[in-house]
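*Asks:* In this note's numbering, the protein residues as written are 528 to 1133.
#1: Helix or strand or just coil, what does DSSP make of residue 1044?
#2: Taking only three categories from DSSP, how would you classify residue 737?
#3: Roughly how many angstroms lie between the CA atoms of residue 1095 and residue 721, to the nearest whole one?
#4: What does residue 974 pair with, by DSSP beta-bridge criteria?
#5: Mapping DSSP to helix, strand and coil, what is residue 920?
#6: Shortest alpha-carbon distance to residue 816 belongs to which of 671, 685 and 924?
#7: Can you list, in chain order, the residues of its chain with a C-beta nearer than 8 Å to that of residue 690? Leave out the 5 residues immediately preceding and following it.
#8: Counting along the chain, where does the beta strand (DSSP E) carrying residue 605 start and finish?
#9: Between the beta-carbon of residue 798 and the beta-carbon of residue 779, is there less than 8 Å?
#10: Among 577, 553 and 926, which residue has its Cα nearest to the Cα of residue 568?
#11: Relative to the alpha-carbon of residue 615, which residue among 837, 591, 924 and 878 has its alpha-carbon at the smallest distance?
#12: What do you get for residue 534, buried or exposed, if any count of 16 or more other CB atoms within 10 angstroms of its CB means buried?
#13: Check this for me: beta carbons of residue 945 and residue 898, under 8 Å apart or not?
#14: Taking all protein chains shown into account, decide if residue 866 is buried (16 or more other Cβ within 10 angstroms of its Cβ) or exposed.
#15: Determine the contact status of residue 794 and residue 827, defining contact as a CB-CB distance below 8 Å.
#16: Using a Cβ-Cβ cutoff of less than 7 Å, which residues in the same chain neighbour residue 573 once the five nearest sequence positions on both sides are dropped?
#17: Which term fits residue 1077, buried or exposed, when burial requires 16 or more other beta carbons within 10 angstroms of its beta carbon?
#18: When burial is assigned at 16 or more other CB atoms within 10 Å of the CB, is residue 1050 buried or exposed?
#19: State the Cα-Cα distance for the pair residue 953 and residue 1006, rounded to the nearest angstrom.
#20: If residue 958 sits next to residue 1008, beta carbons under 8 Å apart, how far is it from one beta carbon to the other, in whole angstroms?
#21: Can we say the region 875–885 touches the region 807–822, given the rule of at least three CB pairs closer than 8 Å?
#22: Distance, Cα to Cα, residue 838 vs residue 684?
#23: Please identify the residue among 1072, 896 and 854 whose C-alpha is closest to the C-alpha of residue 1082.
#24: Buried or exposed for residue 1099, please, with buried defined as at least 16 other CB atoms from any protein chain shown within 10 angstroms of its CB.
#25: What residue range does the beta strand (DSSP E) around residue 695 cover?
#26: Going by CA-CA distance only, name the one from 741, 934, 965 and 717 that's closest to residue 703.
#27: Rounded to whole angstroms, what is the Cα-Cα separation between residue 578 and residue 601?
#28: Could you give the distance in angstroms between the alpha-carbon of residue 536 and the alpha-carbon of residue 625?
#29: So residue 922 packs on residue 884, CB below 8 Å; how close in whole Å?
#30: Taking 7 Å as the limit between beta carbons, can you name the residues of its chain near residue 718, skipping five residues before and five after?
#31: Let me confirm a value: residue 664 is counted as buried when at least 16 other C-beta atoms fall within 10 Å, else exposed. Which label applies?
#32: Who are the Cβ neighbours of residue 1054 in its own chain at under 7 Å, not counting the five residues just before and after it?
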């Protein structure tokens, strides 16, 4: 029969699964399936199960895949023609596997891209958030924008009015900073970016529309170095001062402008210049740009706010810091101040030096101690210093000055806001210096004579600001050349320490130490007193400490009127003046009260 020679295996299977007929190809294929002979008796199970079906089925025989096509021959028999489809199925499986790998790679790439952009955001946050320096923050924003989004980046920060601060970064030139006065509306999209609230869309503009002022100054290679813009000094120029070819963007194919959102309002704008790339961002870039601009805007806002607060603090602090101690009329002055806290710069102790006070030729030194410590005490200190400065025309009468100051503080209605003061007016007469010393509840000044004696000035009075009526005593003192009047706050004598850590340093111990300081220059004497008190507390807590030393000059008086070497009422960090020490003769006499007469010494010799 013809089917006997067919190259395709053919099986006739009855309803019981028994092979009724098989051609040569089928017998060869199924050899050994029925007791090892070449006449198969039983059909493969998958063919038997498909007996009642009506379509082609597939299964394996001998490790290969066959597709069986049925032909119903009657009597419950089915003729199955078997077609070997092994190669087709292997190829199909390979194609399916390749497709699955491609899909998996796409999904993996997407996830990898998301992870990479997330890592970029973490890197940007780590660089931007820790810094509160405005210039450094602007530089970082421009650098990060170039690192992830563009070839050149520009941060536009409005300053005031039409003034704009431009921070430009490109890899070959680094950071450039310029300050220009322009109208943002001259650049398409910039005015909208500086005014719109987030979320703001990205404005794509034609590179040919970039205004001249937007790009940094490009000096000739032969220009001297002093014309090169400095990274830290803004280059303030008008846009019309640039050459026409300065603003030609080489290789720029797309320009994007977007908002840098701040605290409720835009803080600035970010301009991105790209080379060889279309005017569009990829999906990952769009998400990153939105998050990055929000992060950058917040960082710039915080840095700008901090910079403004630092500036305000410095301006206000300048009025609270101790003034310099100049050499007035040849008289040597030195002062030192140590706040109670290690991180503080101001506190409740203060001193002032006024070159001219009153109607005569006297100068005035004030040392005071306000109740309290820290910033609150410093605020009251500043008010008292300003009030005393306004009362300088009355400095001929110390009692009048103290009464007026007391009225100001008492009228506040807070009895805890009081101050102790010592006023010293001095004037040089030849080689001697005449002093008028008045105390208002303050530790009495000490006089260090050339022969080693230490005298206490008997100047007593009522503290200021606690009660309505105050009293005071003004004591005259004369300093011979080289002798010193020492003013100090109670932080010196009330320094608690010593062997047991609870003993006051005390006035007696201070006087004992000063016995060895005769003839010492004022700056060395002030430093010696501060050192003694600091060593006594041994690093423990202490009050504010202030010391002022007034020393009569050892040199001869200048010809003509005495010359002042400082301006009145200067405010800066206190630094000691430098003078020339010399020997002198101690004055003799007894103390008096009230208005001084020249040549009257103090009492209380040690």
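Glycine included, each C-beta is placed from N, C-alpha and C at the ideal position.
*Replies:* Here's the rundown:
#1: Looking at residue 1044 - three-state DSSP - the assignment turns out to be coil, as it is neither helix nor strand.
#2: Residue state, collapsed to three classes: coil.
#3: A caution first: residue 1095 carries a pLDDT of 38, below 50, which makes its placement in the model unreliable, though a value can still be read off. A direct Cα-to-Cα measurement between residue 1095 and residue 721 gives close to 47 Å.
#4: Residue pairing by DSSP places residue 974 opposite 982 and 1012 in a beta bridge.
#5: Three-state result, residue 920: helix.
#6: Nearest in C-alpha terms to residue 816, of all of 671, 685 and 924, is 671.
#7: 706, 707 and 708, listed in sequence order.
#8: Per DSSP, residue 605 is one residue of the beta strand (DSSP E) stretching across 604–611.
#9: If you check the CB distance, residue 798 and residue 779 do not come in under 8 Å.
#10: Closest option to residue 568, Cα to Cα, is 553.
#11: Measuring from the Cα of residue 615, the nearest candidate turns out to be 591.
#12: Here residue 534 is exposed. Its C-beta has fewer than 16 other C-beta atoms within 10 Å.
#13: Residue 945 is a Cβ neighbour of residue 898, given a cutoff of 8 Å.
#14: The residue is buried, with at least 16 neighbouring Cβ atoms inside 10 Å.
#15: In this structure, the beta-carbon distance from residue 794 to residue 827 falls below 8 Å.
#16: So the qualifying residues of the chain are 584 and 586.
#17: The residue is buried, with at least 16 neighbouring Cβ atoms inside 10 Å.
#18: So residue 1050 counts as buried.
#19: In a straight line, the C-alpha of residue 953 is about 10 Å away from that of residue 1006.
#20: Indeed, because the Cβ distance is near 5 Å, the residues count as touching under 8 Å.
#21: Using a Cβ-Cβ distance cut-off of 8 Å, the region 875–885 and the region 807–822 are not in contact, since fewer than three pairs of beta carbons, one from each stretch, lie closer than that value.
#22: As the crow flies, the alpha-carbon of residue 838 is around 18 Å from that of residue 684.
#23: Among 1072, 896 and 854, the Cα nearest to that of residue 1082 is on 854.
#24: Low per-residue confidence applies at residue 1099: pLDDT is 31, beneath 50, and the placement is therefore not dependable, though the value from the model is reported in the following sentence. Result: exposed.
#25: From DSSP, the beta strand (DSSP E) with residue 695 extends over 690–697.
#26: Minimum Cα-Cα distance from residue 703 among the listed residues 741, 934, 965 and 717 corresponds to 741.
#27: For residue 578 and residue 601, the distance between alpha carbons rounds to 13 Å.
#28: Separation of residue 536 and residue 625 (C-alpha to C-alpha, rounded to the nearest whole angstrom) is 33 Å.
#29: That pair is a contact at about 4 Å.
#30: Excluding sequence neighbours, residue 718 sits near 711 and 712.
#31: Buried.
#32: Closer than 7 Å at Cβ, skipping near neighbours: 863.
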